[in-house]
Structures are given as structure tokens and as C-alpha cells.
Amino acid sequence: MNIRGSICALVTPFTADGALDLPAFGRLLDYQLAGGTQALVVAGSTGEAHMLEHDEFDRLLAFALERVAGRVPVLAGTGEAGTAKTVAMTRRARALGAAAALVVAPFYVRPTQEGLRRHYLEIAEHGGLPLLLYNVPGRTGCDLLPATVARLREHPAIIGIKEARGDHERIRALAELVREDFVYLSGDDGTAGEAMLAGAAGTISVVANLVPQAFRRLCDAATGGDRVAAAHCRAELGPLLQALDCAPNPIAVKAGLPALGLGLALPRLPLVELEDGPDRIRLHQALSSLASLATAAG
Numbered sequence: 069m070n071i072r073g074s075i076c077a078l079v080t081p082f083t084a085d086g087a088l089d090l091p092a093f094g095r096l097l098d099y100q101l102a103g104g105t106q107a108l109v110v111a112g113s114t115g116e117a118h119m120l121e122h123d124e125f126d127r128l129l130a131f132a133l134e135r136v137a138g139r140v141p142v143l144a145g146t147g148e149a150g151t152a153k154t155v156a157m158t159r160r161a162r163a164l165g166a167a168a169a170l171v172v173a174p175f176y177v178r179p180t181q182e183g184l185r186r187h188y189l190e191i192a193e194h195g196g197l198p199l200l201l202y203n204v205p206g207r208t209g210c211d212l213l214p215a216t217v218a219r220l221r222e223h224p225a226i227i228g229i230k231e232a233r234g235d236h237e238r239i240r241a242l243a244e245l246v247r248e249d250f251v252y253l254s255g256d257d258g259t260a261g262e263a264m265l266a267g268a269a270g271t272i273s274v275v276a277n278l279v280p281q282a283f284r285r286l287c288d289a290a291t292g293g294d295r296v297a298a299a300h301c302r303a304e305l306g307p308l309l310q311a312l313d314c315a316p317n318p319i320a321v322k323a324g325l326p327a328l329g330l331g332l333a334l335p336r337l338p339l340v341e342l343e344d345g346p347d348r349i350r351l352h353q354a355l356s357s358l359a360s361l362a363t364a365a366g
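Counting from 69, one number per residue, gives the positions in the sequence shown under my numbering.
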């Protein structure tokens, strides 16, 4: 399974009355494929997975798999706070045809490292899908440490990790764990270039929802070891990345959807739409600037 390069953590578009907007989701999928995105994540944290009902998860994943039709791998976010629930969601994703499961560390319950190890081994044994670990301490309240990851990678069903901590020490520690059957993927857009230059095989990205071509260029440069080109791509993306930091994900990235014809800016409660004001203006200015750069380059 070739899960590497520019990978988009897809948003989930909703209609004005809060229902799934599958036509908009279809346009988003087409936009990603046309922009060179190399794999897709459905119902991850950016996709507001924990606001989805089970039948909505099924419809969203089935729709994506049909639309993509095997052109790139489609991963499903199946992580829950409890192990048994995570196993059940992973089996659900397998039945629908997902290529792999992206499993966030259990949130809120704050397990120990031994609890995390046993949690992931249980899912690897009984979930039925290749498994990508996902560490994002700022959201979960626990940190899956590299030493625990090193033990978990010995299970043949555990094929990699998405690491959202972007500090230099963590990047180096995860890069040392890379081998042929275990990939390290960045989960932090701001430090993605650094991580890929250090050995990450790619990045599961939020900003790629809005600018897949620009993010693919960054990934190609960084995974190819071209530091100068990677720095240039990162500088072009800088204003947009800063603009997206104005609100919790995916509030800001969803605010960029309407201008691209990819759906409404509405998340589900308790998340709320980005208000009109300086943050929204900066976001649209950054998007316009990147569009102008792409036009000039073209």
C-alpha cells in the first residue's frame, strides 16, 4: 500500500440545515484528484468524525470510495475513546472497503503508555484493516511516545504513524523509526516540510483541502530532498497557514470552501462558523494570493 506524499484530511461539507452535502463532497473529491492529492482521509478529525452518526459515516465513506474508484488510497478515521468501539468502527470501515484505518489516540480518558500499547494491539488484531497510529496530544490529552511506537510497529498490521507534534525532537525521533514496512507521516502543516526532509514519507494535511496543487508541490520537493524548493513552497503557503490558525480546526478551513465552490462554511455544533472580520479577510487574501501565484506560474 502506497500511502505517502500529499494526503488530504478531508472536511465534511454540510448543508444549511446540517445534513451531509454529498454533491459538495463530490466536488471536493474531484478537486483533490485534479490537484494531485495522493491519498485521502475520510471522517478524520478535520472531517468532524465525532459529529457524524454511524449511518452518515457509512454514506460518506461509501460515496468517497465510489467516486475515487481506486485512483488513490482512501483511509477512514475510526478512532474512538474506547477500544471496543474503535474495533467496531474499524470493522465497519473494512466492510465498506477502506484501504486502511487512521486511529487517533483515545481522547479525554488519558491512558498510560501501556494502555495505549494494548489499545492499538487490540485494534490491529481484531479491526481487520492495516492501521495507522495517530498522535495529536493537543486534542486527545495524551501523548503516544516514540518508545511505544517502536514497540507497536512490530505488529504486521500497524503500518505507520501520523504524528501531529511538530517539534524538532519529535520529528527526529519518529524519523528514526522509519523502515520499509512502517511509514512516518507528518500531521502538522506548519512543519511538514521539515518532517519530510527528515524522513517522513508524506503529510496528512488540512490546508490541502483548499490548495491541493500547492501542497503537492511542497510534498514533492521535501520528499525529494530539495531543501531550496521546499523552502520556497513553504514560504508561499505561509500566509494561508497563518490564517488557518485563527480558529480551531476545521472552522477556518471550512470558511475557505464557498469561494472555491466546495460547499458551505458551516461546521456542526459545538463548532461555529468563522465570523466576518479580520480573520476571514486574511484567509481570503491568502487564498487569492496563492491563486494569483498559480496563475502566474501556469
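Note that the Cβ used here is the ideal one computed from N, Cα and C, for glycine as well.
Straight-line gap, Ile-239 to Ala-130 (C-alpha atoms, nearest Å): The residue labelled residue 239 in the question sits at position 171 within the sequence shown. The residue labelled residue 130 in the question sits at position 62 within the sequence shown. Between Ile-239 and Ala-130, the C-alpha separation is close to 34 Å.
Nearest-angstrom Cα separation, counted from Val-246 out to Glu-222: By 1-based counting over the sequence shown, the position of residue 222 is 154. By 1-based counting over the sequence shown, the position of residue 246 is 178. Going by the C-alpha atoms only, they are around 12 Å apart.
Whether Ile-75 touches Ser-273 by CB criterion (8 Å): Position 7 of the sequence shown, counted from the start, is the residue given in the question as residue 75. Position 205 of the sequence shown, counted from the start, is the residue given in the question as residue 273. Cβ atoms of Ile-75 and Ser-273: closer than 8 Å.
Bounding residues of the beta strand (DSSP E) (the contiguous stretch that carries Cys-314): The residue given as residue 314 occupies position 246 in the sequence shown. The continuous stretches of beta strand (DSSP E) do not include Cys-314, and DSSP gives it neither H nor E.
Rounded separation between His-194 and Val-155 - CA only: Mapped onto the sequence shown, residue 194 falls at position 126. Mapped onto the sequence shown, residue 155 falls at position 87. C-alpha separation (whole angstroms): 6 Å.
Cβ-based burial, Tyr-176 [other Cβ within 10 Å; buried from 16]: Within the sequence shown, numbered from 1, the residue matching residue 176 stands at position 108. Counting Cβ neighbours within 10 Å, Tyr-176 comes out exposed, since fewer than 16 surround it.
Cβ neighbours of Ala-117 in the same chain (closer than 7 Å, five flanking residues each side left out): As a working note, residue 117 is residue 49 in the sequence shown. Around Ala-117: Ala-111, Gly-145.
Ala-276 and Thr-105 closer than 8 Å at C-beta: Your numbering for residue 276 matches position 208 in the sequence shown. Your numbering for residue 105 matches position 37 in the sequence shown. Cβ atoms of Ala-276 and Thr-105: closer than 8 Å.
Span separating the alpha-carbon of Ala-192 from that of Tyr-252: Stepping through the sequence shown from its first residue, residue 192 is reached at position 124. Stepping through the sequence shown from its first residue, residue 252 is reached at position 184. Each residue's alpha carbon lies about 17 Å from the other.
Buried versus exposed call for Ala-163 [16 or more other C-beta atoms within 10 Å across all chains shown]: Here residue 163 refers to the residue found at position 95 of the sequence shown. The residue in question, Ala-163, is exposed, as its Cβ has fewer than 16 Cβ neighbours within 10 Å.
Length of the line joining the Cα atoms of Ala-84 and Ala-243: Counting from 1 along the sequence shown, the entry for residue 84 is found at position 16. Counting from 1 along the sequence shown, the entry for residue 243 is found at position 175. Approximately 43 Å between the Cα atoms of the pair.
Segment limits, beta strand (DSSP E) that includes Leu-242: As a working note, residue 242 is residue 174 in the sequence shown. Note, Leu-242: premise wrong, no beta strand (DSSP E); alpha helix (DSSP H) at 236-243.
Residue range of the unbroken beta strand (DSSP E) whose run includes Thr-271: By 1-based counting over the sequence shown, the position of residue 271 is 203. 270-273 is the extent of the beta strand (DSSP E) around Thr-271.
Cα-Cα separation between Pro-174 and Ala-77, rounded to whole angstroms: Looking up residue 174 in the sequence shown gives position 106. Looking up residue 77 in the sequence shown gives position 9. Rounded to the nearest angstrom, the gap between the Cα atoms of Pro-174 and Ala-77 is 19 Å.
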